[in-house]
Amino acid sequence: EGCKGFFKRTVQKQLEYTCRGNQDCDINQHTRNRCHYSFLHCFKTIMEVPVKYKIPISFSFAFVVFQVIQWGKNVPGFRELKLEDQITLLKTSFMDLNVFRLAYRSICCDPDSLMFAKGIILNKPQCLEMGWSMDLTETTLEFCAKLRNLNMDVNEFSCLSGLVLLSPGKFQYNIVLAMFS
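Going by my numbering, the sequence shown opens with residue 4, and the numbers climb by one from there.
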């Protein structure tokens, strides 16, 4: 409940934290509750974790959720929406946004691979081994190939990401293709 509650309160109450020190507090599992500013700062700068520790999947998933929320807050007009509407839009567009981001990130990879994060590139058999279905893997690879053919720049990607956020459940990949033809 610790991290989950912390992020929920931070987002719902739109809290901004300040550091009582010099904004360079040592943050680890035992000291993370002492300085909320530095704990959030670690997420924003993608905290370096020593190799000997493995990040629990819930921790890394919390970071992805946090990133999407922070990004959503910067979409023009998003903060003017009611908090309930903001939460609904983020919840309902989360998967589409992540697939879209994954496909865009993977444009530079081999046609049979996806880039899940910097330095984490998986080919089709590895995606299946990880637990992805054949349908999800092939659909994502096909979408990635179509995006690759569009030569989309980061500005176009950003605008389309905003549309995905504001059109939950309505995002269809053929719409993206139609916009570029």
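Built from N, CA and C at the ideal position, the CB exists for glycine as well. Just so you know, these numbers come straight off a predicted model, no measurement behind them.
Looking at C-alpha atoms only, which residue of the options is the closest neighbour of residue i?
i, options, result
"Arg12", "Arg23, Asp138, Ile72", "Ile72"
"Glu87", "Thr140, Gln15, Met137, Pro114", "Gln15"
"Leu150", "Tyr107, Val68, Leu100", "Tyr107"
"Phe97", "Leu18, Ser164, Thr21, Lys121", "Ser164"
"Ser161", "Glu132, Asn25, Cys130, Asn77", "Asn77"
"Leu105", "Phe119, Asp115, Glu141", "Phe119"
"Lys121", "Gly24, Thr142, Ser109", "Ser109"
What first and last residue would you give for the beta strand (DSSP E) that runs through residue i?
i, result
"Ser116", "116-120"
"Asn158", "From DSSP, Asn158 is part of no beta strand (DSSP E) but of the alpha helix (DSSP H) over 157-169."
I'd like the span of the alpha helix (DSSP H) that includes residue i, first residue to last.
i, result
"Asn152", "137-153"
"Ser87", "Note that residue 87 is Glu in the sequence shown here, rather than Ser. Run containing Glu87: 86-108, per the alpha helix (DSSP H) assignment."
Which residues does DSSP pair with residue i in a beta bridge?
i, result
"Leu18", "Answer is none; Leu18 lacks a bridge partner."
What did DSSP end up calling residue i once you bin it into helix, strand or coil?
i, result
"Leu125", "strand"
"Ser61", "For Ser61, the predicted model reports a pLDDT of 47, less than 50, meaning its position is unreliable; a value from the coordinates is still stated below. DSSP places Ser61 in helix when its eight states are reduced to three."
"Gly24", "coil"
"Val67", "helix"
"Cys112", "coil"
"Gly8", "helix"
"Gly75", "helix"
"Thr48", "Since pLDDT at Thr48 reaches only 48, below the 50 mark, its modelled position is unreliable, and no value is offered."
"Thr13", "helix"
Between residue i and chain B, is there a C-beta pair that is closer than 8 Å?
i, result
"Gln129", "As a matter of chain content, chain B is missing from the structure shown, which is built from one protein chain."
Meets three-Cβ-pair contact criterion under 8 Å: the stretch 123-135 and the stretch 76-90: no
The stretch 155-162 touching the stretch 133-147, judged by at least three CB pairs closer than 8 Å: no
Contact between the stretch 161-171 and the stretch 85-98 (3+ Cβ pairs under 8 Å): yes
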